[in-house]
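Asker: Sharing a structure with you now.
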Amino acid sequence: MSKVCEHPFCTRSISATCSNHCQLDLCQEHTIEHKALFLAQYEKSFNRVTESLNEIINSIEETKKNLNNNYEKDIFLVNENHNNKLNELEQEFQFVISTQKLIKQKLQLLNDVKNDQTFLYQYEIEQIKLYLTKIHEYHQDTIAKENNKNDMKTSSSFNSDTNADVNYSHKLNTNIKYNNVKHFYGQCPLTRLGIYGLTDKHKLRLCSSNRKISDICLVKHFNRYHHLKWILSSTLTKAIINKLDPFTTCIFQTEFDIIDPYFRRIRCPLNKIKSYNCRRLIFTGSLKKHLLKFHHFKLKTCNNIMKAIKSKISLMKIDFDEDEFKFNDKNQFM
Numbered sequence: 001m002s003k004v005c006e007h008p009f010c011t012r013s014i015s016a017t018c019s020n021h022c023q024l025d026l027c028q029e030h031t032i033e034h035k036a037l038f039l040a041q042y043e044k045s046f047n048r049v050t051e052s053l054n055e056i057i058n059s060i061e062e063t064k065k066n067l068n069n070n071y072e073k074d075i076f077l078v079n080e081n082h083n084n085k086l087n088e089l090e091q092e093f094q095f096v097i098s099t100q101k102l103i104k105q106k107l108q109l110l111n112d113v114k115n116d117q118t119f120l121y122q123y124e125i126e127q128i129k130l131y132l133t134k135i136h137e138y139h140q141d142t143i144a145k146e147n148n149k150n151d152m153k154t155s156s157s158f159n160s161d162t163n164a165d166v167n168y169s170h171k172l173n174t175n176i177k178y179n180n181v182k183h184f185y186g187q188c189p190l191t192r193l194g195i196y197g198l199t200d201k202h203k204l205r206l207c208s209s210n211r212k213i214s215d216i217c218l219v220k221h222f223n224r225y226h227h228l229k230w231i232l233s234s235t236l237t238k239a240i241i242n243k244l245d246p247f248t249t250c251i252f253q254t255e256f257d258i259i260d261p262y263f264r265r266i267r268c269p270l271n272k273i274k275s276y277n278c279r280r281l282i283f284t285g286s287l288k289k290h291l292l293k294f295h296h297f298k299l300k301t302c303n304n305i306m307k308a309i310k311s312k313i314s315l316m317k318i319d320f321d322e323d324e325f326k327f328n329d330k331n332q333f334m
């Protein structure tokens, strides 16, 4: 058995066996050196375990904190939405009471007129027409809300009418609930071109980069301010919720018309009729309201105009003189 230290290139005599490390027979100097090396390796491993464990603990605490914050935020949004719905219902109920009161008054007026006890004036008809318009708008809003819900529930990839091939849908969490999209608040990212496939060809109204509001309801903001289609507003909101990269995620296809038809501006169709010559620019979706409130047409005439426009029939074929509820002089009721 050799009595020389087994450490490479050492010729000193053996002092002890490194039993807790390498099992070599070493001289006194290398025994001390190996002992220190082993201790350093142990401390390094111990510190690494401790650091990793602390990272897990911090991650758990952060996740717990975020869960609590999200829970409080969700509770706040649920309560806020509940209160808003109650307020809306209360306003609608007050309108019902007001309408019932009006009906009662007009019924009494009708009986008095039939009994030659009073006269019927044109503004009485205008007042009834105003309430009819409000009721019509209520029904239209109800239909729009239902349509919006249906849009939100569709797939994240666009339907056949969009003619767009969205190639990021596999990254999108399609299980995001409608309420999460509807009540997601944040800062609008549409402040520049080049994100989500947006180019100047889309002619989209952008937000100012100086606008730092971070508590806006994004899906409504995208539709009402930027005039995006509802399906696009929903898809963009989902992409933001999923934290998809805006520079690699393509939502706005180059050849795709992203503007909601409701917000397309057109000139009043009565601009071609000399007796009206209305040249106002209005949203397509507001045309009927414009005809009702600004030109004071009755609903039947409005429907005829809308039907003629849709069928590309000349408005000259409509007999406007037969419209008994149309008023050319607004001052006659002052």
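Count the sequence shown with UniProt numbering and you get residues 1 to 334, in order.
The beta-carbon is built from N, C-alpha and C at its ideal position, and this holds for glycine as well.
Please report how far the alpha carbon of F252 lies from the alpha carbon of L198, in whole angstroms.
Answerer: Distance between the alpha carbons of F252 and L198 is about 6 Å.
Asker: Over the uninterrupted beta strand (DSSP E) stretch that includes I266, give me the two end residues.
Answerer: From DSSP, the beta strand (DSSP E) with I266 extends over R265 to R267.
Asker: Determine the DSSP secondary structure at S208, reduced to helix, strand or coil.
Answerer: Looking at S208 - three-state DSSP - the assignment turns out to be coil, as it is neither helix nor strand.
Asker: Note down the Cα distance separating L299 from F263, rounded to an integer number of angstroms.
Answerer: Approximately 22 Å, taken between the alpha carbons.
Asker: In whole angstroms, what is the alpha-carbon distance linking E6 and D25?
Answerer: Answer to the nearest angstrom: the Cα atoms are 6 Å apart.
Asker: Looking only at DSSP bridge pairs, what is S13 linked to?
Answerer: Answer by DSSP bridge pairing, in chain order: V4.
Asker: Among residues of its own chain, excluding the 5 on either side of L53, which ones have a beta-carbon nearer than 7 Å to its beta-carbon?
Answerer: Within the same chain, L53 has no close Cβ partners at all.
Asker: What does the alpha-carbon distance come out to for the pair N277 and L292?
Answerer: Computed Cα separation, rounded: 16 Å.
Asker: State buried or exposed for I135, treating a residue as buried only when at least 16 other CB atoms are found within 10 Å of its CB.
Answerer: I135 should be labelled exposed.
Asker: Assign L130 to buried or exposed, taking buried as 16 or more other Cβ atoms, counted over all protein chains shown, within 10 Å of its Cβ.
Answerer: Per the 10 Å Cβ criterion, exposed.
Asker: Mapping DSSP to helix, strand and coil, what is L228?
Answerer: Of the three classes helix, strand and coil, the one that applies to L228 here is strand, per DSSP.
Asker: Could you tell me if F119 is buried or exposed, where buried requires 16 or more neighbouring beta carbons within 10 angstroms of its beta carbon?
Answerer: Per the 10 Å Cβ criterion, exposed.
Asker: Report the residue from F222, H30, K307 and G285 whose alpha carbon sits nearest the alpha carbon of E137.
Answerer: Ranking F222, H30, K307 and G285 by Cα distance to E137 puts G285 first.
Asker: Quick one: what's C217 bridged to in DSSP?
Answerer: Answer is Y185, bridged to C217.
Asker: Which stretch, first to last residue, makes up the beta strand (DSSP E) that contains I282?
Answerer: Taken as a continuous stretch (DSSP letters only), the beta strand (DSSP E) holding I282 covers L281 to F283.
Asker: Spatial neighbours of S233 within its chain, please: CB distance less than 6 Å, with the 5 preceding and 5 following residues excluded, ordered by chain position.
Answerer: Only V219, F222 and N223 meet the Cβ criterion.
Asker: Can you give the Cα-Cα distance for L315 and L270, rounded to whole angstroms?
Answerer: Straight-line Cα distance between these residues: approximately 8 Å.
Asker: Between which two residues does the alpha helix (DSSP H) containing Y262 stretch?
Answerer: Segment: none, Y262 is in no alpha helix (DSSP H) and carries neither H nor E.
Asker: In whole angstroms, what separates the C-alpha of H82 from that of K243?
Answerer: Computed Cα separation, rounded: 28 Å.
Asker: Assuming N20 is part of the alpha helix (DSSP H), what are its boundary residues?
Answerer: Taken as a continuous stretch (DSSP letters only), N20 belongs to no alpha helix (DSSP H), as it is neither H nor E.
Asker: Going by beta carbon distance, what residues of the same chain come within less than 8 Å of D74, once the five residues before and after it are set aside?
Answerer: Here the set comprises nothing.
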